[in-house]
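K.L.:
One structure is given below, represented as C-alpha cells, and several questions about it will come after.
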Amino acid sequence: MRRLARCKRMGAGPLADGDAAIVPIVDKRNLELWVEDASVASTFILLAAEYYGVAACWIHMKDRRGHTGTAEEDIRALLGIPSHYGILNAVSLGMPRKPNEPRELKGKVHRGRYGG
Ligand SMILES: Cc1cc2nc3c(=O)[nH]c(=O)nc-3n(C[C@H](O)[C@H](O)[C@H](O)COP(=O)(O)O)c2cc1C
Numbered sequence: 313m314r315r316l317a318r319c320k321r322m323g324a325g326p327l328a329d330g331d332a333a334i335v336p337i338v339d340k341r342n343l344e345l346w347v348e349d350a351s352v353a354s355t356f357i358l359l360a361a362e363y364y365g366v367a368a369c370w371i372h373m374k375d376r377r378g379h380t381g382t383a384e385e386d387i388r389a390l391l392g393i394p395s396h397y398g399i400l401n402a403v404s405l406g407m408p409r410k411p412n413e414p415r416e417l418k419g420k421v422h423r424g425r426y427g428g
C-alpha cells in the first residue's frame with residue numbers, strides 16, 4: 313500500500329493509510345469511452361464498500377504526477393500492467409474509524425428546475 317501510495321506525488325494519503333486497494337484497469341483498445349467505463353466500475357466498488365461497511369476513497373491517477381513519471385506510469389511499472397490498459401484511479405479500502413454523518417441534500421437537489 314505504501315508503494316502504491318508513492319505512485320502519486322500528492323493526495324494519496326488514503327492509500328498509505330488503507331488496508332487494501334483496488335486498481336480498476338480498462339482495456340483501451342477499441343474503447344473510446346474507457347474513462348467512463350473506469351468511472352462506472354469505480355463507483356460500483358465505492359457503493360459495494362459502503363454496503364459492506366468498508367471505508368473507501370477514490371484516489372485519482374490519470375494525468376497526475378507520480379514520483380518517477382506520471383502516476384499512471386508509476387502504477388503500471390509497480391503492478392506490471394500492460395500499456396493498453398487505462399488507469400483512471402485507485403480505490404483505497406479500510407475499516408472506518410467513525411460512521412459517516414448523513415448528508416444534507418438541501419441546495420444540492422433541484423426539483424423541476426434549478427433552485428426548485
Ligand atoms: C473524481 C474524484 C477524484 C478524487 N481524487 C482523490 C484523490 O486523489 N485523493 C483523495 O484523497 N481523495 C480523492 N477523492 C475523494 C474526495 O476528495 C472526497 O473525499 C470524496 O469525494 C468525498 O467527498 P465529500 O466528503 O465532500 O462528499 C476523489 C473523489 C473523486 C470523485
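Remember, my numbering sits 312 above the position in the sequence shown when you count from 1.
All residues carry an ideal CB built from backbone N, CA and C; glycine is no exception.
From Ala-448 to Arg-415, what distance separates their C-alpha atoms?
P.N.:
The chain is shown only over 313 to 428; residue 448 falls outside these bounds and no answer can be derived.
K.L.:
Over the uninterrupted beta strand (DSSP E) stretch that includes Ser-404, give me the two end residues.
P.N.:
401–406
K.L.:
With distances taken from CA atoms, which of Asp-329, Glu-348, Gly-419 and Gly-330 is nearest Pro-336?
P.N.:
Measuring from the Cα of Pro-336, the nearest candidate turns out to be Glu-348.
K.L.:
Excluding five sequence neighbours on each side, which residues of the same chain lie with their C-beta closer than 8 Å to the C-beta of Thr-380?
P.N.:
Asp-386 and Ala-389
K.L.:
Report all residues from its chain with a CB closer than 6 Å to the CB of Ala-367; omit the five preceding and five following residues, and keep chain order.
P.N.:
Cβ neighbours of Ala-367 beyond the five flanking positions: Gly-406 and Pro-408.
K.L.:
Closest to Tyr-397 by CA distance: which of Tyr-426, Val-421 and Arg-341 is it?
P.N.:
The candidate whose alpha carbon is nearest that of Tyr-397 is Arg-341.
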